[in-house]
Amino acid sequence: MRSEDDNDSVFEDRLREPAGECARIRDLLPLYVAQGSASPGFAGEELAEEDRAGVAEHLVRCADCREEARFIAELRARRPEPPASLLSSILEAARKAPGRQKSTLLPRLLRAAAVAALALGIGTFWQREPEPEPMWTVALEAQPAVDWYGQDWLVAGEPIVEALPDDMLRMLVEEMEP
3 MRSEDDNDSV FEDRLREPAG ECARIRDLLP LYVAQGSASP GFAGEELAEE DRAGVAEHLV
63 RCADCREEAR FIAELRARRP EPPASLLSSI LEAARKAPGR QKSTLLPRLL RAAAVAALAL
123 GIGTFWQREP EPEPMWTVAL EAQPAVDWYG QDWLVAGEPI VEALPDDMLR MLVEEMEP
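Oh and the sequence shown: position 53 is 55 in my numbering, straight run, nothing missing.
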């Protein structure tokens with residue numbers, strides 16, 4: 003257990019240390035501890051010599067980081083060793099694994115694209131409205147039932163009612179009724 007004097011010195015150390023230095027050192031502690039132990043460290047990672055010297059110097063001054071380094075070392079010491087046959091069994095399994103498998107993504111994408119094109123085509127024809135007849139065809143077909151303008155009883159575009167035969171008069175009245 004720490005005494006009150008130890009707590010005061012830790013507090014004073016923290017006041018003197020730059021705020022980011024402890025965080026930077028704690029990021030380097032696992033590599034530092036791994037290089038100092040007999041068991042191998044992280045694969046392919048080593049601490050540069052200047053970083054190693056900086057961590058060692060910091061640990062002399064900072065009790066919290068020193069405690070963190072001890073904790074990491076204890077965790078590494080308690081870590082169980084992997085079985086000796088682990089590497090050979092991994093390599094064996096990798097050799098037995100089938101080669102590169104045929105990709106099934108491309109056929110799936112092609113099928114999806116075909117379905118989408120079919121749906122789009124059906125939707126386009128389903129929603130299509132009939133084309134209107136050309137205006138010249140409609141104009142040719144529209145012929146008046148009676149040729150009023152070629153008659154003697156029509157003067158200046160107006161019918162002379164007295165000169166109209168009875169059947170023409172009836173037709174004229176029927177056209178005018180709503």
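We put the beta carbon where it would ideally sit given N, CA and C, even for glycine.
Asked, Found
"Here's the rule I'm using: 16 or more other beta-carbon atoms within 10 Å means buried, otherwise exposed. How should residue 71 be labelled?", "buried"
"From residue 130 to residue 106, what distance separates their C-alpha atoms?", "37 angstroms"
"Going by alpha carbons, who is nearest to residue 79 out of 36, 167, 164?", "36"
"What does the alpha-carbon distance come out to for the pair residue 58 and residue 77?", "19 angstroms"
"Which residue wins for smallest C-alpha separation from residue 48, given the options 64, 30, 125?", "30"
"Tell me whether the beta-carbon of residue 61 lies closer than 8 angstroms to the beta-carbon of residue 54.", "no"
"For residue 32, I'd like the list of residues in its chain whose CB is within less than 7 angstroms of its CB, leaving aside the five on either flank, ordered along the chain.", "74"
"Quick check on the DSSP output: what are the complete alpha helix (DSSP H) runs of length 4 or more inside the region 72-115, in order along the chain?", "88-98"
"If you count every other CB in all the chains shown that lies within 10 Å of the CB of residue 99, and 16 or more means buried, which is it?", "exposed"
"Just verifying my parser: in three-state terms, what is the DSSP assignment at residue 55?", "helix"
"In angstroms, rounded to a whole number, what distance separates the CA positions of residue 178 and residue 164?", "17 angstroms"
"Rounded to whole angstroms, what's the CA-CA distance from residue 121 to residue 114? Just pull it up for me.", "11 angstroms"
"Give me, in chain order, the residues of the same chain whose beta-carbon lies closer than 6 angstroms to that of residue 108; leave out the 5 immediate sequence neighbours on both sides.", "none"
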